[in-house]
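This report concerns only the one structure given below.
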Amino acid sequence: MFRSLKTQLMLSLALIILLFIGQETVSYQNQKRLVTGLASNQEIVDGVVQVKALEKDVLDLQRNVLIYKENQASSVLQRLNDMMSSVTGKLAITSLFIEKNNIGTDQQVAIESMRDHLKAYRENFDSVVLLIDKKSELFNKTIVTHLSHLNTITDEVSNSIHLNQSIQTTHVTTKRLADLTSALQLSAYQYFIRPNTENITNFQSIFSQVESTAAPLNIDGFTSALAALSSDFNLLTQVTRNYNYLVNVVMSGSANEFLYLAKNLSEVALTHLDSSNAQLNTLVEESVIRGNIMFILGIFLTSLITVYILKRLIFPIEKVTQVFNALAENKIINEKLELNVNRKDEIGHLMKSATIFKLKNKQTNDLLLQSQQLNQQLVLSQKRAEQATKAKSMFLANMSHEIRTPMNGVVGMLSLLSNTPLNDEQKEYINLVNSSSESLLTLINSILDYSKIESGKLAIESIHFNVTDIINEVVIIMNALAEKKSLVLNIRSMSLSQKTVIGDPTRLKQILINLLSNAIKFTEQGTIDLEVELTEINKEQLNFSCKVSDTGIGLSEEQQQNIFTPFSQADNSTTRKYGGTGLGLTIVKQLCELMSGDIDIKSTLNKGSCFSFYLVYQKPENDITDSTEPDIAINPVNLSFNKILLVEDNRINQIVATKILTKLTLSADIAVNGIHALEKLNSSSYDLILMDCQMPEMDGYQTTKAIRAGEAGKAHQDIPIIAMTANAMKGDKERCLSAGMNDYLAKPIDINKLQQKLRFWMNKNNKTS
Numbered sequence: 106m107f108r109s110l111k112t113q114l115m116l117s118l119a120l121i122i123l124l125f126i127g128q129e130t131v132s133y134q135n136q137k138r139l140v141t142g143l144a145s146n147q148e149i150v151d152g153v154v155q156v157k158a159l160e161k162d163v164l165d166l167q168r169n170v171l172i173y174k175e176n177q178a179s180s181v182l183q184r185l186n187d188m189m190s191s192v193t194g195k196l197a198i199t200s201l202f203i204e205k206n207n208i209g210t211d212q213q214v215a216i217e218s219m220r221d222h223l224k225a226y227r228e229n230f231d232s233v234v235l236l237i238d239k240k241s242e243l244f245n246k247t248i249v250t251h252l253s254h255l256n257t258i259t260d261e262v263s264n265s266i267h268l269n270q271s272i273q274t275t276h277v278t279t280k281r282l283a284d285l286t287s288a289l290q291l292s293a294y295q296y297f298i299r300p301n302t303e304n305i306t307n308f309q310s311i312f313s314q315v316e317s318t319a320a321p322l323n324i325d326g327f328t329s330a331l332a333a334l335s336s337d338f339n340l341l342t343q344v345t346r347n348y349n350y351l352v353n354v355v356m357s358g359s360a361n362e363f364l365y366l367a368k369n370l371s372e373v374a375l376t377h378l379d380s381s382n383a384q385l386n387t388l389v390e391e392s393v394i395r396g397n398i399m400f401i402l403g404i405f406l407t408s409l410i411t412v413y414i415l416k417r418l419i420f421p422i423e424k425v426t427q428v429f430n431a432l433a434e435n436k437i438i439n440e441k442l443e444l445n446v447n448r449k450d451e452i453g454h455l456m457k458s459a460t461i462f463k464l465k466n467k468q469t470n471d472l473l474l475q476s477q478q479l480n481q482q483l484v485l486s487q488k489r490a491e492q493a494t495k496a497k498s499m500f501l502a503n504m505s506h507e508i509r510t511p512m513n514g515v516v517g518m519l520s521l522l523s524n525t526p527l528n529d530e531q532k533e534y535i536n537l538v539n540s541s542s543e544s545l546l547t548l549i550n551s552i553l554d555y556s557k558i559e560s561g562k563l564a565i566e567s568i569h570f571n572v573t574d575i576i577n578e579v580v581i582i583m584n585a586l587a588e589k590k591s592l593v594l595n596i597r598s599m600s601l602s603q604k605t606v607i608g609d610p611t612r613l614k615q616i617l618i619n620l621l622s623n624a625i626k627f628t629e630q631g632t633i634d635l636e637v638e639l640t641e642i643n644k645e646q647l648n649f650s651c652k653v654s655d656t657g658i659g660l661s662e663e664q665q666q667n668i669f670t671p672f673s674q675a676d677n678s679t680t681r682k683y684g685g686t687g688l689g690l691t692i693v694k695q696l697c698e699l700m701s702g703d704i705d706i707k708s709t710l711n712k713g714s715c716f717s718f719y720l721v722y723q724k725p726e727n728d729i730t731d732s733t734e735p736d737i738a739i740n741p742v743n744l745s746f747n748k749i750l751l752v753e754d755n756r757i758n759q760i761v762a763t764k765i766l767t768k769l770t771l772s773a774d775i776a777v778n779g780i781h782a783l784e785k786l787n788s789s790s791y792d793l794i795l796m797d798c799q800m801p802e803m804d805g806y807q808t809t810k811a812i813r814a815g816e817a818g819k820a821h822q823d824i825p826i827i828a829m830t831a832n833a834m835k836g837d838k839e840r841c842l843s844a845g846m847n848d849y850l851a852k853p854i855d856i857n858k859l860q861q862k863l864r865f866w867m868n869k870n871n872k873t874s
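Take the position in the sequence shown, starting the count at 1, then add 105; the result is the number in the numbering used here.
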């Protein structure tokens with residue numbers, strides 16, 4: 106009926122959706138009915154709880170009435186009023202509950218009767234309160250007054266008889282009368298506090314004794330006072346009987362009747378609750394049955410749809426997948442996996458595509474094999490190129506080290522020789538040799554920088570420095586060279602948004618010196634202009650841009666294309682005339698790129714060139730306008746090192762180092778390798794070690810580790826060790842420090858830097874000691 110597989114799947118999906126909608130509808134209706142039933146049942150439960158609470162409240166009410174009758178506390182009276190108000194409110198709630206649930210008119214009549222009983226109860230309680238107040242007033246204002254009056258009369262008679270000592274018998278009788286009067290007062294208080302039969306009998310007994318004792322004495326006013334006390338006490342007992350009757354009989358009867366009605370009402374409410382629970386259970390059973398019917402129907406329809414999808418979709422797709430897997434693995438296709446290309450739906454189109462794919466598979470495999478062969482050749486070529494680059498870098502690094510070692514001797518000896526008495530001709534020769542050695546050292550440093558950059562070992566510092574200081578320092582140095590050629594070096598413009606940046610001042614100085622020295626080298630007459638600008642990129646970064654322009658020989662367009670290529674100059678004639686390695690501009694460009702910048706050139710042949718570059722620096726939090734530091738004076742200083750051990754295998758370097766130390770008024774013992782150094786340390790005491798790193802038998806790293814391990818004695822375990830090595834690649838300093846050395850100096854040794862290092866460790870030793 107439906108040939109399209111898409112239509113068949115949509116129809117199946119629609120049936121599943123309708124089934125889910127039906128299940129959700131039935132489930133929603135069941136939930137709604139259950140929620141309604143639960144809410145109604147909860148209302149009935151709440152009503153039953155209110156009715157049950159009425160029983161408890163009536164019992165608490167009667168108990169508190171009895172408490173109030175005994176102690177007349179105001180807190181109990183307030184509690185009773187609150188409880189009566191609470192019972193009234195609960196009766197109203199119960200009435201609404203009865204009316205809402207149609208429990209019956211008889212129960213409404215019972216509630217009205219309970220209201221009447223509660224009203225009568227309240228009225229009787231108000232009467233009890235009035236009678237208790239009247240009792241207190243009668244006792245405190247009348248009876249207490251009568252008793253006080255009797256005591257006064259008795260005291261007056263006793264005093265008069267005491268003055269007349271001749272009447273002894275009368276005196277005894279009067280004393281007894283006074284005692285009986287006091288006892289009568291005490292019995293009246295006892296009855297007031299606890300009004301029971303025992304206390305009434307006690308009062309009447311004492312009253313009779315007082316009356317019989319006072320008769321023979323014939324005291325004026327005493328008999329009339331006794332009569333008034335008797336009358337008021339009888340009234341007090343009558344008031345007490347009245348509120349006791351109200352509490353014990355009338356109010357108790359109302360409470361019992363109220364309690365009886367409340368119990369009957371509670372039984373009716375419980376019966377209604379049982380009925381509601383039965384209805385709720387029936388509703389739950391019906392919901393479960395409906396849910397089960399829908400569940401079974403859903404399973405049945407889902408099973409039918411699943412079987413249909415398996416037969417029409419899953420099994421054919423699985424068969425196509427097996428065919429594609431066989432094609433991908435270049436296996437022979439089984440006859441059972443032959444595809445039915447006569448189907449008119451999407452699966453049929455897929456089977457036709459699989460058949461076409463089978464025909465193209467062989468061509469693809471052939472192309473893949475060729476591609477793998479090419480990739481293998483490419484990987485092999487890449488490995489060879491990487492090995493060649495690594496070998497070149499290692500060769501440059503090793504050559505730089507091997508050249509630096511004798512250069513240390515050359516530069517050191519020249520420095521020592523220049524400080525000896527020389528004639529003018531000898532001084533000229535020394536200056537020429539110094540110039541040649543400086544050129545050679547510059548060449549070595551260029552090769553080393555290029556090697557570091559190419560091997561990724563050149564470190565870029567991030568420190569605060571003053572841009573103005575760097576530019577002024579470079580201009581002062583280069584201006585001396587420009588004046589020798591009668592050239593004018595101008596700072597045409599310097600626009601700085603701030604003076605302090607975070608970056609590498611050494612590399613900035615290297616770039617400026619390289620560009621300015623090239624401009625001076627290739628310019629015979631005219632001017633060299635420097636333009637500097639520092640602008641803000643954002644809140645965290647600054648852009649430093651600079652232009653170096655000259656009026657020199659210039660470059661052609663073809664020469665400009667190769668100007669930044671390593672070991673490349675304009676042409677061979679330029680090399681012969683001006684010299685150079687062709688590495689300077691290459692290093693400048695790579696340094697710019699390492700500092701997130703770049704360099705460009707604009708040049709006209711025979712008219713001059715303009716090199717422009719930019720660098721990205723970090724912006725410091727504060728712009729420190731004056732960042733210059735005072736230069737350290739290069740003068741000999743008396744250092745408090747008793748003895749220094751120089752560990753160096755090269756004879757010339759031994760001589761240079763000892764001569765330099767001698768100029769610093771220091772002496773040193775020499776060890777030619779690590780083994781020799783350990784022997785000297787174990788036999789003598791030293792304050793500091795100058796350690797070469799590459800030596801035969803035991804190098805500087807192994808020697809340092811041995812010293813730190815205690816093989817040179819405990820006294821030398823923490824001795825300061827300064828590395829003096831021709832290894833100047835990135836990571837060489839860190840390797841020295843990780844081996845246990847304390848500081849690092851690169852060869853050729855600069856006497857000023859050595860002096861600074863020695864002063865630092867001398868001061869540190871003095872502080873620790």
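Each residue gets a CB set at the ideal place from its N, CA and C atoms; glycine is no exception.
- The Cβ atoms of leucine 370 and isoleucine 203 sit closer than 9 Å to each other.
- Counting C-beta pairs closer than 8 Å gives fewer than three between the region 139–159 and the region 404–411, which falls short of the contact rule.
- Look at the region 558–612 and you find these whole runs of alpha helix (DSSP H), each 4 residues long or longer: 572–589.
- Spatial neighbours of asparagine 206 in its own chain (CB-CB distance under 8 Å, excluding positions within 5 residues in sequence) are listed in chain order as Glu148, Ile149, Gly152, His377.
- The continuous beta strand (DSSP E) containing tyrosine 849 extends over residues 848–851.
- Taking C-beta separations shorter than 6 Å and ignoring five residues to either side along the sequence, the partners of arginine 612 in its chain run Leu696, following chain order.
- Using a 10 angstroms sphere on the CB of glutamine 475, the tally of other CB atoms stays under 16, which defines it as exposed.
- The residue from Tyr719, Ile794, Leu771, Ser717 with its alpha-carbon nearest to that of glutamate 753 is Ile794.
- When the Cα atoms are used, glutamate 588 and isoleucine 582 turn out to be separated by approximately 11 Å.
- Within the same chain, and ignoring the five residues on either side of glycine 805 in sequence, the residues whose Cβ sits closer than 6 Å to its Cβ are Met796, Asp797, Cys798.
- For valine 315, the uninterrupted alpha helix (DSSP H) segment begins and ends at 302–319.
- Contact between isoleucine 760 and isoleucine 706 fails: their C-beta atoms lie close to 46 Å from each other, not under 8 Å.
- By a beta-carbon distance limit of 8 Å, leucine 620 does not contact tyrosine 722. Their separation comes to about 18 Å.
- Taken through DSSP and simplified to helix, strand or coil, threonine 286 comes out as helix.
- If you ignore the 5 residues before and after glutamine 468, its C-beta comes within less than 7 Å of no other C-beta in its own chain.
- Counting only residues of its own chain and dropping the five nearest sequence neighbours on each side, threonine 286 has a CB closer than 7 Å to the CB of Leu255, Asn256, Thr259, Val315.
- Within 10 angstroms of the beta-carbon of glutamine 212 lie 16 or more other beta-carbons, which makes it buried.
- In this structure, the CA atom of methionine 803 is about 11 Å from the CA atom of alanine 776.
- Cβ contact annotation for tyrosine 719 (same chain, cutoff 7 Å, sequence separation greater than five): Asn648, Phe649, Ser650, Gly702, Asp703, in chain order.
- In its own chain, leaving out the 5 sequence neighbours on each side, no residue places its CB closer than 8 Å to the CB of arginine 346.
- In this structure, DSSP gives lysine 707 an extended state, which the three-state scheme calls strand.
- Per DSSP, cysteine 841 is one residue of the alpha helix (DSSP H) stretching across 837–844.
- Taking C-alpha positions only, leucine 201 is separated from valine 131 by approximately 34 Å.
- Cβ atoms of isoleucine 568 and isoleucine 607 come within 8 Å of each other, at about 7 Å.
- In this structure, the alpha-carbon of glutamate 423 lies about 11 Å from that of lysine 416.
- Collapsing the DSSP output to three states places valine 538 in a helix.
- If you draw a 10 Å sphere on the C-beta of serine 180, you find fewer than 16 other C-beta atoms in it, and that means exposed.
- Annotated three-state conformation of methionine 829 is strand, per DSSP.
- For valine 777, the three-state secondary structure derived from DSSP is coil.
- At a Cβ-Cβ threshold of 9 Å, alanine 831 and lysine 858 do not count as neighbours.
- Nearest neighbour of isoleucine 616 by Cα position, chosen from Glu636, Val693, Val262, Val538, turns out to be Val693.
- Cβ atoms of tyrosine 173 and serine 359 stay farther apart than 8 Å, at about 16 Å.
- Nearest C-alpha to arginine 597 among Gly689, Phe230, Met356, Lys652: Lys652.
- Collapsing the DSSP output to three states places phenylalanine 718 in a strand.
- Taking a 10 Å sphere around the C-beta of glycine 657, we find 16 or more other C-beta atoms and assign the residue as buried.
- The C-beta of glycine 194 has fewer than 16 other C-beta atoms within 10 Å across all chains shown, which makes the residue exposed.
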